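**Q**
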Amino acid sequence: MNGTELILVVEDEPTIAEAVASRLRSEGYEVALAADGPSAVERCTALAPDLVVLDLNLPGFDGIEVCRRIHTYRRVPVVMLTARDDETDMLVGLGVGADDYLTKPFSPRELVARIKAVLRRARSAGNAGPSLLVEAGPGVIEIDPTTRRVSEDGGDVHLTPTEFDLLRALAEAGGAVLSRDQLLAMVWGYRDGSGARTVDSHIRSVRAKLATDVIRTVHGVGYALQTDTIRPTQRIGSPGSPGGPSGETAGALPTSRFGGQR
Ligand code: CA
């Protein structure tokens with residue numbers, strides 16, 4: 018989009034690394050490779066990739082530690098590769114901060130679709146509307162799409178990028194019920210309906226971080242915000258501050274905001 022995007026593929030199994038790399042190159046991406054934790058961090062620092070495909074189980078130190086280290090200085094998007102679905106649940110629960118998770122074995126087509134969705138979200142992150150105030154019982158949750166911060170009764174709530182997008186999607190629906198498939202399409206950008214578990218585990222994680230139980234489960238359907246009112250406010254969002262789509266993936270975002278789980 019803005020020139021060629023560089024993807025760092027971190028994977029210690031050479032056959033998978035090669036297959037992923039050649040597929041990504043055929044899609045027009047530039048690809049760099051790393052095969053262990055320490056070199057992943059080094060290459061990420063040196064190359065400033067637009068996205069990292071990160072295997073969880075690596076020699077040196079694992080993908081969780083890689084994610085933590087690379088996010089201390091830059092909010093680079095991460096797609097994490099796991100061996101099992103329950104590993105994904107565990108990582109989401111830990112708030113590791115990957116933007117998406119893919120369980121092995123996966124099809125190259127699926128990986129490419131997810132990478133495109135994550136890059137699209139990263140690019141549009143700066144094009145944001147006013148803050149949303151969600152009033153639920155005595156509490157007020159404020160969702161600011163410009164800074165991508167969430168506060169509850171004035172205190173910061175540290176959500177991962179995906180958790181933020183999920184909560185924002187529910188708030189923007191204004192209390193209407195969104196199905197898991199709708200949320201998968203809106204937040205993750207995919208259409209095949211495979212990933213209901215992913216939605217559920219991220220919802221659990223958002224719930225755990227908010228003091229007010231604001232998310233309503235509609236059994237057999239999906240989720241909605243349980244709220245008295247949701248209204249936009251210009252109080253905090255500074256109009257005119259968001260930049261254009263170019264440069265949003267270049268890593269100029271201040272780490273203090275997105276460094277996340279300390
Ligand atoms: Ca591995």
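Count along the sequence shown from 1, then add 17; that gives the number in this note's numbering.
No residue lacks a Cβ here, since even glycine has one placed at the ideal position from N, Cα and C.
Note that the coordinates shown come from a computational prediction; the quantities given were computed from them, not determined experimentally.
1) Just to confirm, does D72 get its C-beta within under 7 angstroms of one of the non-hydrogen atoms of ligand 1?
2) Comparing the CB of E75 with every heavy atom of ligand 1, is any distance shorter than 7 angstroms?
3) Could you please give the first and the last residue of the uninterrupted alpha helix (DSSP H) stretch that includes L50?
4) Can you tell me where the alpha helix (DSSP H) with S168 in it begins and where it stops?
5) For V194, which of helix, strand or coil comes out of DSSP?
6) Taking the C-alpha atoms as reference points, what is the distance between I33 and L98?
7) Compute the Euclidean distance between the alpha carbons of L50 and M107, then round it to the nearest angstrom.
8) Given this structure, state the Cα-to-Cα distance separating H175 from L119, to the nearest angstrom.
9) Tell me the DSSP secondary structure of G154 in three-state form.
10) Any idea if D72 is buried or exposed, counting beta-carbon neighbours within 10 angstroms, 16 or more meaning buried?
11) Just to confirm, is the Cβ distance from V151 to D182 under 8 angstroms?
12) Could you check which residue in R166, D173, D170 and I158 has the C-alpha nearest to that of T179?
13) Suppose you measure from the CA of L227 to the CA of T177; what does that come to, to the nearest Å?
14) Can the beta-carbon of P94 be found closer than 8 angstroms to that of V135?
15) By Cβ distance below 7 angstroms, which residues in the same chain neighbour A38 in space, the five residues on each side in sequence not counted?
16) Nearer than 7 angstroms: is that true of the beta carbon of D29 relative to any heavy atom of ligand 1?
17) Do A241 and L195 come within 8 angstroms of each other at the CB atom, strictly closer than that value?
18) Could you tell me which of S43, G45, D198 and V83 sits nearest to E59, measuring between CA atoms?
19) Closest by CA to E127, which one among R137, I220, G206 and D245?
20) When you compare each of R248, G237, R214 and V235 to T105 by their alpha carbons, which one comes out closest?
21) Hey, how far is the Cα of I87 from the Cα of D116?
**A** Checking against the coordinates, here is how it stands:
1) One-based indexing of the sequence shown puts residue 72 at position 55. Yes, the beta carbon of D72 sits closer than 7 angstroms to at least one heavy atom of ligand 1.
2) As a working note, residue 75 is residue 58 in the sequence shown. Note that residue 75 is Leu in the sequence shown, not Glu. Remark: the shortest separation between the CB of L75 and any heavy atom of ligand 1 falls under 7 angstroms.
3) The residue given as residue 50 occupies position 33 in the sequence shown. Taken as a continuous stretch (DSSP letters only), L50 belongs to no alpha helix (DSSP H), being part of the beta strand (DSSP E) at E47 to A51.
4) Numbered from its first residue, the sequence shown carries residue 168 at position 151. Unbroken run through S168 is the beta strand (DSSP E), R166 to E169; no alpha helix (DSSP H).
5) For the purposes of this step, residue 194 is identified with residue 177 of the sequence shown, where counting begins at 1. Coil, per DSSP.
6) Position 16 of the sequence shown, counting from 1, holds the residue named residue 33. Position 81 of the sequence shown, counting from 1, holds the residue named residue 98. Roughly 11 angstroms separates the two Cα atoms.
7) Start at 1 with the first residue of the sequence shown, and residue 50 comes out as number 33. Start at 1 with the first residue of the sequence shown, and residue 107 comes out as number 90. So the two alpha carbons sit approximately 26 angstroms from each other.
8) In the sequence shown, residue 175 corresponds to position 158, counting from 1. In the sequence shown, residue 119 corresponds to position 102, counting from 1. Roughly 23 angstroms between the two C-alpha positions.
9) Counted from its first residue, the sequence shown places residue 154 at position 137. Correct three-state label for G154: coil.
10) The residue labelled residue 72 in the question sits at position 55 within the sequence shown. Classification of D72: buried, given that the 10 Å Cβ count is 16 or more.
11) Position 134 of the sequence shown, counted from the first residue, corresponds to residue 151. Position 165 of the sequence shown, counted from the first residue, corresponds to residue 182. In this structure, D182 does not lie closer than 8 angstroms to V151 by Cβ.
12) If you number the sequence shown from 1, residue 179 lands on position 162. Comparing Cα-Cα distances from T179 to each of R166, D173, D170 and I158, the minimum goes to R166.
13) Taking the sequence shown and counting its residues from 1, one reaches residue 227 at position 210. Taking the sequence shown and counting its residues from 1, one reaches residue 177 at position 160. Their backbone Cα atoms lie some 13 angstroms apart in a straight line.
14) Start at 1 with the first residue of the sequence shown, and residue 94 comes out as number 77. Start at 1 with the first residue of the sequence shown, and residue 135 comes out as number 118. Going by C-beta atoms, P94 is nearer than 8 angstroms to V135.
15) Translated into the one-based positions of the sequence shown, residue 38 becomes position 21. Result list for A38: V26, V48 and L50, in chain order.
16) Taking the sequence shown and counting its residues from 1, one reaches residue 29 at position 12. Under cutoff, so the answer is yes.
17) On the sequence shown, position 178 is the one that residue 195 refers to. On the sequence shown, position 224 is the one that residue 241 refers to. Going by C-beta atoms, L195 is nearer than 8 angstroms to A241.
18) Against the sequence shown, residue 59 aligns to sequence position 42. Of the listed residues, the one whose Cα sits closest to E59 is V83.
19) Residue numbering aside, residue 127 sits at position 110 when the sequence shown is read from its first letter. Minimum Cα distance to E127 is reached at G206.
20) Within the sequence shown, numbered from 1, the residue matching residue 105 stands at position 88. Closest option to T105, Cα to Cα, is R214.
21) Your numbering for residue 87 matches position 70 in the sequence shown. Your numbering for residue 116 matches position 99 in the sequence shown. Rounded to whole angstroms, I87 to D116 spans 13 angstroms at the Cα level.
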